[in-house]
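Numbering (the working numbering), first residue to last: 355 to 770.
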């Protein structure tokens, strides 16, 4: 089972950029919750409302800017774009922490949050793009993407817990401080490895077919983005609902453990999925994973105890990483190689937008009707994901050469 992972990690420079990338993307799981913990602390503003506003502005800014940063990366190279981007985003994050500790006016916090989100980029997309450059076969790329999904789960298990412990036990801004250190050290260590950096595509030729089209004009790409938003909504609503359910049960402190069961299931599922060679079509695997995930999360509403919820989460979690791996692999199949970073960033951003939307929708419903109403939001998002996935089955079966112009399949037929 470990052999496929050993093979891809033995590629020249592979384990080094993967390890650096792990630390570089730790902030994606720490900044949002770190802002909430800092601003809601009674020693500072003590306001969950303000914390939600600032965190929301950060998420929206990142969602808008990340694909644009990815375009620049594909055109000019990872190091040339991300070195200044990391410097800007982490300087702004440090300024946000200092401003909060100085009890600065709210507009100052909002402006700094926008700068942080707008310059953060998507390190996970950069790592996956490097894997696409160093792997030789589809099977190797499949294993590499599975490895990165497993590492993503590690990030999302460790990051929030670390941020919470530091913010509550050390200082309200301590979680953000660690995120800054991880981003700077990991990010610049990653970017220093020029031997594995994919070559930039250079300036865009306006005469090239599809050179100015948005990737979302491709129907297959649009379907993926919509489904990833739905999956993010599932995760966001599930997080909030689980915390509320644990509080209703009198064990709010166990909410992190319950959610860790969800991530643990995904970690195991991703590891096993990546170790196996698959002959079935990629879109079929993605569709099956989406259906299994949707059916599984609908069971959350039926749970009556934390033990039952934890057990269901472990089982349902097994489908998460395989589905995300298949989705990321589909991006590689759909978009031109010169725009791969942009394509991967779109689905990653869609997932993040969905998480924010799920939390925002489920929160008021939970306040009004209890935790299980929040689980209904997860169920609804799952239903939409299945409808979109299965409804677009014919479109998604149309394979496209990744080097063909956007919107054209391998035979020259339009796909958008």
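Glycine is no exception: its CB is placed at the ideal position from the N, C-alpha and C atoms.
Take residue 672, set aside five residues on each side of it, and the residues of its chain with a beta-carbon closer than 6 Å to its own are 619, 623, in chain order. Here DSSP, grouped into helix, strand and coil, assigns residue 474 to coil. With fewer than 16 other Cβ atoms from the protein chains shown falling within 10 Å of its own Cβ, residue 722 counts as exposed. The segment 493 to 506 makes no contact with the segment 437 to 450, as fewer than three CB pairs between them are under 8 Å. The DSSP-derived three-state label of residue 551 is coil. Residue state for residue 455 is assigned as helix, using DSSP reduced to three classes. Secondary structure in the segment 359 to 430: the alpha helix (DSSP H) runs of 4 residues or longer, each lying completely within the stretch, are 368 to 378, 385 to 394, 402 to 430 in chain order. A distance below 8 Å between beta-carbons, with the five flanking residues on each side excluded, links residue 386 to the following residues of its chain, in chain order: 409, 412, 413. In this structure, the alpha-carbon of residue 731 lies about 21 Å from that of residue 407. Nearest in C-alpha terms to residue 741, of all of 417, 649, 665, 691, is 649. Taken in chain order, the complete alpha helix (DSSP H) segments of 4 or more residues contained in the segment 613 to 658 are 636 to 651.
Distance from residue 470 to residue 578 at the Cβ level is roughly 27 Å; contact not present, criterion being Cβ atoms closer than 8 Å.
Under the three-pair Cβ rule at 8 Å, the segment 604 to 619 counts as touching the segment 661 to 678. Measuring C-alpha to C-alpha distances from residue 585 to each of 709, 396, 636, 527 identifies 709 as the nearest. The beta carbon of residue 675 lies closer than 6 Å to those of 503, 620, 623, 624 in the same chain, with the five residues before and after it left out. By the 16-neighbour rule on beta-carbons within 10 angstroms, residue 605 is exposed.
Residue 693 holds the alpha-carbon nearest to the alpha-carbon of residue 555 among 693, 713, 358.
Under the three-state reduction of DSSP output, residue 496 falls in the helix class. Here the alpha carbons of residue 574 and residue 738 stand approximately 16 Å from one another.
By the neighbour-count definition (other C-beta atoms within 10 Å, threshold 16), residue 539 is an exposed residue. Going by DSSP, residue 524 is part of no alpha helix (DSSP H) at all; its letter is neither H nor E.
For residue 706, the closest alpha carbon among the candidates 544, 405, 415 is that of 415. In the structure shown, residue 356 adopts coil according to DSSP, grouped into three states. A straight-line Cα-Cα distance of about 23 Å links residue 576 and residue 713. Cβ neighbours of residue 401 within its own chain (closer than 7 Å, five residues either side excluded): 393, 394.
The way I'd put it, the segment 627 to 645 doesn't touch the segment 589 to 603; fewer than three beta-carbon pairs between them come closer than 8 Å. Close CB contacts of residue 543 within its chain, under the 7 Å cut and outside five residues either way in sequence, are with 374 (chain order). Around the CB of residue 421, 16 or more other CB atoms lie within 10 Å, so the residue is classed as buried. Assignment of residue 605 by DSSP, reduced to helix, strand and coil, places it in the coil class.
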